[in-house]
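All remarks here apply to the structure that follows.
Protein chains: 2
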Amino acid sequence: MSEINSAPTMKDVAREAGVALGTVSKVINGIPVGESYRVRVEEAVAKLNYRVNSYAKGLKTNKTFTVAVMVPNLISPFFAKLVNCINKALTARRHRMLLYATDYDPTQEQEYVILAEQQKVDGIICLSYNPDLKVSENLPLVSIDRYFGAHIPCVASDNYGGGRMAAEKLVENGCRSLAFMRIGSRLTNEPNKRKEGFISACEAMDVPYTLKIVDDGTPYSAFEDFLNEHFHEGKLDFDGIFCVTDTLAYQILGSLRKMGVRVPEDVQLIGFDGVRSFGDLDLFCSTIVQPLDEIAETCVNLVLEKGQTSAPSLICLPVHYACGGTTKE
Amino acid sequence: MSEINSAPTMKDVAREAGVALGTVSKVINGIPVGESYRVRVEEAVAKLNYRVNSYAKGLKTNKTFTVAVMVPNLISPFFAKLVNCINKALTARRHRMLLYATDYDPTQEQEYVILAEQQKVDGIICLSYNPDLKVSENLPLVSIDRYFGAHIPCVASDNYGGGRMAAEKLVENGCRSLAFMRIGSRLTNEPNKRKEGFISACEAMDVPYTLKIVDDGTPYSAFEDFLNEHFHEGKLDFDGIFCVTDTLAYQILGSLRKMGVRVPEDVQLIGFDGVRSFGDLDLFCSTIVQPLDEIAETCVNLVLEKGQTSAPSLICLPVHYACGGTTKE
Chain W
5 MSEINSAPTM KDVAREAGVA LGTVSKVING IPVGESYRVR VEEAVAKLNY RVNSYAKGLK
65 TNKTFTVAVM VPNLISPFFA KLVNCINKAL TARRHRMLLY ATDYDPTQEQ EYVILAEQQK
125 VDGIICLSYN PDLKVSENLP LVSIDRYFGA HIPCVASDNY GGGRMAAEKL VENGCRSLAF
185 MRIGSRLTNE PNKRKEGFIS ACEAMDVPYT LKIVDDGTPY SAFEDFLNEH FHEGKLDFDG
245 IFCVTDTLAY QILGSLRKMG VRVPEDVQLI GFDGVRSFGD LDLFCSTIVQ PLDEIAETCV
305 NLVLEKGQTS APSLICLPVH YACGGTTKE
Chain R
5 MSEINSAPTM KDVAREAGVA LGTVSKVING IPVGESYRVR VEEAVAKLNY RVNSYAKGLK
65 TNKTFTVAVM VPNLISPFFA KLVNCINKAL TARRHRMLLY ATDYDPTQEQ EYVILAEQQK
125 VDGIICLSYN PDLKVSENLP LVSIDRYFGA HIPCVASDNY GGGRMAAEKL VENGCRSLAF
185 MRIGSRLTNE PNKRKEGFIS ACEAMDVPYT LKIVDDGTPY SAFEDFLNEH FHEGKLDFDG
245 IFCVTDTLAY QILGSLRKMG VRVPEDVQLI GFDGVRSFGD LDLFCSTIVQ PLDEIAETCV
305 NLVLEKGQTS APSLICLPVH YACGGTTKE
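Taken in sequence, the protein lines are chains W and R. So the first sequence is numbered by the working numbering: it starts at 5 and just counts up by one. So the second sequence is numbered by the working numbering: it starts at 5 and just counts up by one.
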């Protein structure tokens, strides 16, 4: 590793180029100057390896090319991939990402918003668990999965359509009685619509269904109890299961194997998210895939264009089904 | 969601508190003033919801409480968990994280370092694939897994010890002939020592071993060919395999199952990293676990304390073995 000497200033550039300080400033800020001046300044910048002080620039232009991204954590492969996609979309637009991991804590989320304001970020993209989050009206905010109101754009997968798709796929694959399982936050959010879509499809197809819905923090054994209650003479009461996430589907798959239930022969299982082992290897289960690249692109476009009154309040992006071995096809 | 009106200035705080601007400045910067003045300023700050402009502060104090973290991506669960741990360690010290994902591209890594300098970060923690990375000598840098030289602290797992541990564990579990498989960068880096530790333990125990080592970018089928070459009359030539990562071990496990080789009955398999499905559920295989929390803590302490001449050039943190079902114990 080689090293660069301590940072040169704009004055050093002016001296090296033999021009006035104001000329250097113009060139750096893209204001036209005579061609020969521009060339001399650019050569001096290159020679001295001059770097713009973005703090000084941030004070002047009121723009920092920095966007704060707030998610619960990076441990969940869904959040990790989402942040990876947002980072790519920001980088492609020459913006930087300040990352906040909130650990689902509403107080910490509010503190991070204050930090982001201090940092003078150009906007915030958040996947928040704080329905009362307070954000300055001057700071562009785009929300993922949580609808805050008409003035804050919310970007999500088509969760309702995905829930319908799961029920329809199970029935198409021969299932005659379905179950839906969910563990999650009690707060209203877009992913809750998975259940509503699932129920609406079951009712439209006139297929019987059972629900098992528990709050975050409930021990996983609640699902094992539910499975056992519906297990008679080596058979489950249902032959198709839709789980609200791949994480839950993966756990249910483990329980079914322990009970001696064959998947997909006896019971077919669909999750939601579309995450893969090691990021890009196998799916953990058959699943409804969220379009994370498109969600990220949409969020970044919205946060950077904010101020346009025409911004929609909710954008739902299309999901698709992928067979991951826990369904017949 | 409620909203806050546009940002008040330090002047507004002085007016509200009925004190001079200089008094407000002192209180905000922690310089002692009379108790009654301090209380009045703090009340005005709270009432007006005043936020320090960190860009103005950054210009003055030459400190931004921001650390840049550079990793190839967040798709790999190993990198995602590492970044999650670093973020936690920075937050605990009231520092922010600027995240750069480099996609293994040395040019992009160099560009990010320039960006980080412009952003006036307090330091960089990087997991770099650019052995020629140029960084200003004024900018504290801590490297993970790549040794740049005596003046740049490098933090890594005890990769050599982990390689030894894998070989010893396989032999302890009854294996009599071992194989080592690796796909990775040709660049010298700390994880390469896994192989050296493995070989040294095999030689010390006088156990025969085979190596299969290919460069990044080689198709996975190279490993299937290797397995087939060593497969005679339904049996492999070796009964213990150490893979350089859990990712590779997971892929090898799939190949062995397809070949009808039973794991762990016929062959035992150990990976390296200790990543878990969905972040905190099952291990993918038996593995040598990297101490990511400790690596993160160490990096953050080093980057924030940089300048102390006593900083070591290499810190290797202890790994441990965990059985994940692909070994007998």
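Note that the Cβ used here is the ideal one computed from N, Cα and C, for glycine as well.
Using the three-state DSSP reduction, which class does residue i fall into: helix, strand or coil?
| i | result |
| --- | --- |
| Val139(W) | strand |
| Cys327(W) | coil |
| Leu174(R) | helix |
| Ile79(R) | coil |
| Leu25(W) | helix |
| Lys332(W) | coil |
| Ala72(R) | strand |
| Ile8(R) | Residue placement at Ile8(R) is flagged as unreliable, the pLDDT there being 42, under the threshold of 50; the coordinate-derived value follows with that caveat. If DSSP states are grouped into helix, strand and coil, Ile8(R) belongs with the strands. |
| Ile148(W) | strand |
| Phe227(W) | helix |
| Asp16(W) | helix |
| Lys85(W) | helix |
| Pro322(W) | coil |
| Arg168(W) | helix |
| Val267(R) | coil |
| Ile217(W) | strand |
| Lys239(W) | strand |
Can you check which of these residues, the options, is closest to residue i by C-alpha distance?
| i | options | result |
| --- | --- | --- |
| Phe184(R) | Val146(R), Tyr325(R), Ile274(R) and Val159(R) | Ile274(R) |
| Cys206(W) | Thr222(W), Leu102(W), Ser181(W) and Phe227(W) | Ser181(W) |
| Ala170(W) | Met209(W), Asp136(W) and Ile156(W) | Met209(W) |
| Gly153(W) | Pro36(W), Asp136(W) and Asp162(W) | Asp136(W) |
| Leu285(R) | Gly238(R), Val37(R), Gly328(R) and Arg44(R) | Gly328(R) |
| Val267(W) | Asn177(W), Ala93(W) and Glu233(W) | Asn177(W) |
| Val37(R) | Gly166(R), Val23(R) and Leu296(R) | Val23(R) |
| Pro157(R) | Ile319(R), Glu172(R) and Ile256(R) | Ile319(R) |
| Lys67(W) | Tyr224(W), Val125(W), Ser204(W) and Ala21(W) | Val125(W) |
| Lys310(R) | Lys15(R), Arg98(R), Arg97(R) and Asn142(R) | Asn142(R) |
| Val211(R) | Arg168(R), Arg261(R) and Thr70(R) | Arg168(R) |
| Glu194(W) | Leu252(W), Leu321(W) and Cys179(W) | Leu321(W) |
| Gly166(W) | Arg190(W), Tyr151(W), Glu200(W) and Asn134(W) | Glu200(W) |
| Ser317(R) | Glu46(R), His155(R) and Leu52(R) | His155(R) |
| Tyr151(W) | Lys15(W), Glu121(W), Asn196(W) and Val175(W) | Asn196(W) |
| Arg19(R) | Ser40(R), Glu39(R), Val49(R) and Ile35(R) | Val49(R) |
| Thr214(W) | Ile245(W), Gly221(W), Gly188(W) and Gly26(W) | Ile245(W) |
| Val17(R) | Met263(R), Asn53(R) and Leu257(R) | Asn53(R) |
Report back the beta-carbon spacing between residue i and residue j to the nearest angstrom; my notes put them in contact at under 8 angstroms.
| i | j | result |
| --- | --- | --- |
| Ser290(R) | Ala326(R) | 7 angstroms |
| Val248(W) | Phe276(W) | 6 angstroms |
| Val28(W) | Arg42(W) | Not really, about 10 angstroms apart at Cβ, beyond 8 angstroms. |
| Lys173(W) | Thr331(W) | 7 angstroms |
| Asn77(R) | Asp107(R) | 6 angstroms |
| Ala21(R) | Arg44(R) | 4 angstroms |
When you compare the CB positions of residue i and residue j, do they come within less than 7 angstroms of one another, or not?
| i | j | result |
| --- | --- | --- |
| Leu103(R) | Leu145(W) | no |
| Val75(W) | Phe83(W) | yes |
| Asn91(R) | Ile79(W) | no |
| Cys303(W) | Ile128(W) | no |
| Asp243(R) | Val271(R) | yes |
| Tyr254(W) | Phe202(W) | no |
| Gln294(R) | Gly278(R) | yes |
| Glu115(W) | Ser132(W) | no |
| Arg186(R) | Asn163(R) | no |
| Val307(W) | Ser161(W) | no |
| Cys139(R) | Ile148(R) | The sequence shown places Val at residue 139(R), not Cys. No. Outside cutoff. |
| Ser259(R) | Leu240(R) | no |
| Thr70(R) | Arg97(R) | no |
For the alpha helix (DSSP H) that residue i lies in, which residues bound it at each end?
| i | result |
| --- | --- |
| Gly283(W) | Run containing Gly283(W): none; DSSP gives neither H nor E here. |
| Arg261(W) | Asp250 to Met263 |
| Lys51(R) | Glu39 to Leu52 |
| Leu398(R) | Residue 398(R) cannot be examined here, being either before or after the span of chain R that is shown, 5 to 333. |
Give the range of the beta strand (DSSP E) segment to which residue i is assigned.
| i | result |
| --- | --- |
| Cys206(W) | Not the beta strand (DSSP E): Cys206(W) falls in the alpha helix (DSSP H), residues Lys197 to Met209. |
| Cys158(W) | Cys158 to Ser161 |
| Thr291(R) | Ser290 to Val293 |
| Tyr116(R) | Looking at the DSSP string, Tyr116(R) is not in any beta strand (DSSP E); the run it does join, the alpha helix (DSSP H), is Pro110 to Gln122. |
| Asp277(W) | Gln272 to Asp277 |
| Ala300(W) | Segment Leu296 to Glu309 is the alpha helix (DSSP H) holding Ala300(W); no beta strand (DSSP E) there. |
| Ile245(W) | Gly244 to Cys247 |
| Gly127(W) | Gly127 to Cys130 |
| Arg100(W) | Arg100 to Ala105 |
Using 6 angstroms as the cut-off, classify the Cβ of residue i as near or not near the heavy atoms of the ligand MG, replying yes or no.
| i | result |
| --- | --- |
| Gln122(R) | Looking at this structure, you won't find the ligand MG or any other ligand, since it has none at all. |
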